[in-house]
Amino acid sequence: MVLSLLFLLLLRFIAGILVWVLIVGVIAITAYGIYHCYMEYDVLNKKEATIQTIGFTTDFSLYGSVKETWLAAFIVLCVVEGILLLSVLFLRKRIFIAIALIQEASRAIGYMMSTLAYPLLTFILLVICLAYWAMTALYLSTSGEPLYRIAPTNQSAPGCEKYSGNESCSPLDFNVSSGLPCRTECIFYKYNNEGLYQRNIFNLQIYNVVGFLWCVNFVIALGQCVLAGAFASYYWAFNKPQDIPACALISAFLRTLRYHIGSLAFGALILTIVQLIRMILQYLDHKLKDSNNKVARCILCCLKCCFWCLEKFIKFLNRNAYIMIAIYGKNFCVSAKNAFKLLMRNAVRVVVLDKITDLLLLFGKLLVVGGIGTLSFFFFTGRIPIDDTRFRSPVLNYYWLPILTVVVGTYLIAQGFFSVYNMCVDTLFLCFLEDLERNDGSQEKPYYMSKSLMKILNKKNKQAKDK
102 MVLSLLFLLL LRFIAGILVW VLIVGVIAIT AYGIYHCYME YDVLNKKEAT
152 IQTIGFTTDF SLYGSVKETW LAAFIVLCVV EGILLLSVLF LRKRIFIAIA
202 LIQEASRAIG YMMSTLAYPL LTFILLVICL AYWAMTALYL STSGEPLYRI
252 APTNQSAPGC EKYSGNESCS PLDFNVSSGL PCRTECIFYK YNNEGLYQRN
302 IFNLQIYNVV GFLWCVNFVI ALGQCVLAGA FASYYWAFNK PQDIPACALI
352 SAFLRTLRYH IGSLAFGALI LTIVQLIRMI LQYLDHKLKD SNNKVARCIL
402 CCLKCCFWCL EKFIKFLNRN AYIMIAIYGK NFCVSAKNAF KLLMRNAVRV
452 VVLDKITDLL LLFGKLLVVG GIGTLSFFFF TGRIPIDDTR FRSPVLNYYW
502 LPILTVVVGT YLIAQGFFSV YNMCVDTLFL CFLEDLERND GSQEKPYYMS
552 KSLMKILNKK NKQAKDK
């Protein structure tokens, strides 16, 4: 937790250096891949082995011994390297904007440290949803009247042949025939599935699953909207930090509960419907696994792919719609439309910021999880010399289990911290785009962006107050 927090706060100072180091590193790794592929191709070019001599095989290691494989990899990496170099050359200004927004996000979190604790509330609400769904499913499964049958303990005993297993009994008034040659017991058989209620238990279970998905999506939407409201209040504070609300997170939470519950529920419902369709398609795919109808399986595979893409798109649209809801307070449909149009007008900036943020957060997760995992490995294997016996790890025969537990826990904590940071970047980005389109730097419509962003864009406020 401390390492994740330290990394996020240091991004204010090292984001630019880290981004360019990662970009140069990716370009350098690709360049080395080009060199390696060329050297392998040059060596294999002198041999007679070709792709035609090997043909099609499931042993993929054989493809590494033919020159055509390395030639194809060489061409692909050259194309990728060219795209990377051209992207850095022509998109460098947008990269600087992305770096400035990332630094601004770190500064915003520094002023509102309480936002880093909000994922804990989301986690608690998700656990409540999961527990409620599990208990409801259990009660539905056991809602019928229990049925009991007489069963002999030994089928080969004399007199046991008269019991077919269909004789009903009641455990309250059943006497165990322990003194007879054929000893019998009254055991549970199943729950009664007769009656209208029992025949519709499956439908009720589906209803329970739909409710569970809806609640989970609503809880996630609530967290996104609350965080967006808190970070938006930071951006639209003209004099920072004087104009930043004292309890921005609490104010955003109460405002969301009072005004935006319906919009969040509607957005969560749309996502739930798509997820339910995906579950149905997955069920049909499971049923058709042994089918010889290749056309049906192909159509089903295409549908699964399409709805997977649709779910990703709706998650992206909902996330930005919740940000617009937190900023302007309009309903879901209007906010989703405005967010989509705003992002489409700035598509290149969206792609650059999204990829740079993903790269930074991936590096941060690898750094935090890898560092803690390595430290736990040396600790639990006794390779860290500690004189104090109170802090010394006991000798473990299977030390991978505590190491795995530490790594998983570290990943979950890091994921919570970085999800807040990612939401902060997305919120500030939409606020930045709105600021550019609605304001012109005049005294009536001053820019709210930071001085670093105005410097990159060659913009300034006329007679603006110091920020």
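The numbering of the sequence shown is the working numbering, which starts it at 102 and goes up by one.
Note that CB positions come from ideal geometry on N, CA and C, so glycine has one too.
For clarity, every value in this text was computed on a predicted model and none was experimentally measured.
Need the endpoints of the alpha helix (DSSP H) that residue i sits in, please.
i    : result
F289 : Unbroken run through F289 is the beta strand (DSSP E), 285-292; no alpha helix (DSSP H).
Y335 : 302-336
S188 : 168-191
Y423 : 395-429
S242 : 219-242
S551 : No alpha helix (DSSP H) contains S551, which DSSP labels as neither H nor E.
Kindly list the residues whose CB is nearer than 7 Å to the CB of residue i, restricted to its own chain and excluding five residues on each side of it in sequence; keep chain order.
i    : result
V317 : L227, C230
T216 : I210, L328, A331, L350, V521
Q325 : R420, Y423, M524
F289 : P247, Y249
F354 : V327
F319 : L365, A366, A369
A132 : E182
A338 : D344, I345
S392 : R398
R356 : G330
F530 : L202, L454
Y548 : D536, N540, G542, M555, K560, N562
G312 : none
Under 6 Å Cβ to Cβ from residue i, same chain only, skipping five residues before and after it: list those, please.
i    : result
I200 : A116, G117, V120
G280 : In this predicted model, G280 has a pLDDT of only 48, less than 50, meaning its place in the structure is not dependable; the value taken from the coordinates is given anyway. For G280, where only same-chain residues beyond five positions count, there are no Cβ hits under 6 Å.
A209 : F332, Y335, C525
F417 : none
I225 : none
L534 : L443, N447
Please list the terminal residues of the continuous beta strand (DSSP E) segment that includes residue i.
i    : result
L577 : Examination of residue 577 is not possible in this model, given that the chain is present from 102 through 568 alone.
Let me know the secondary structure DSSP gives residue i once reduced to three states.
i    : result
K566 : Low confidence applies to K566: its pLDDT is 47, below 50, so where it sits in the model is not reliable enough to give any reading.
S269 : strand
L382 : helix
F354 : helix
Y522 : helix
R446 : coil
G472 : helix
M214 : helix
K194 : helix
H361 : coil
N439 : helix
Y139 : helix
T458 : helix
K390 : coil
G542 : coil
F275 : coil
L558 : coil
S257 : coil
I128 : helix
D527 : helix
D44  : The chain is shown from 102 up to 568; residue 44 falls before or after that span and cannot be answered.
P547 : coil
T511 : helix
F481 : helix
Taking 8 Å as the limit between beta carbons, can you name the residues of its chain near residue i, skipping five residues before and five after?
i    : result
N293 : G245, E246, P247, L248, Q299
S105 : G465, V469, I514, A515, F518, F519
I196 : V120, I124, V189, V453, I457
Query raised in the report: Are the region 340-353 and the region 437-446 in contact at 8 Å, needing three or more beta carbon pairs?
Result: Because the criterion of three Cβ pairs below 8 Å is not met, the region 340-353 and the region 437-446 do not touch.
Query raised in the report: Given 8 Å as the limit, is there contact between the region 198-216 and the region 167-182, that is, 3 or more CB pairs closer than that?
Result: Because the criterion of three Cβ pairs below 8 Å is not met, the region 198-216 and the region 167-182 do not touch.
Report task. Specify whether the region 183-196 and the region 127-140 touch according to this definition: at least 3 beta carbon pairs, one from each stretch, less than 8 Å apart. Result -> Yes: at least three Cβ pairs fall under 8 Å.
Query raised in the report: So, do the region 500-509 and the region 457-475 have three or more beta carbon pairs nearer to each other than 8 Å?
Result: The answer is yes - the region 457-475 touches the region 500-509, with three or more Cβ pairs under 8 Å.
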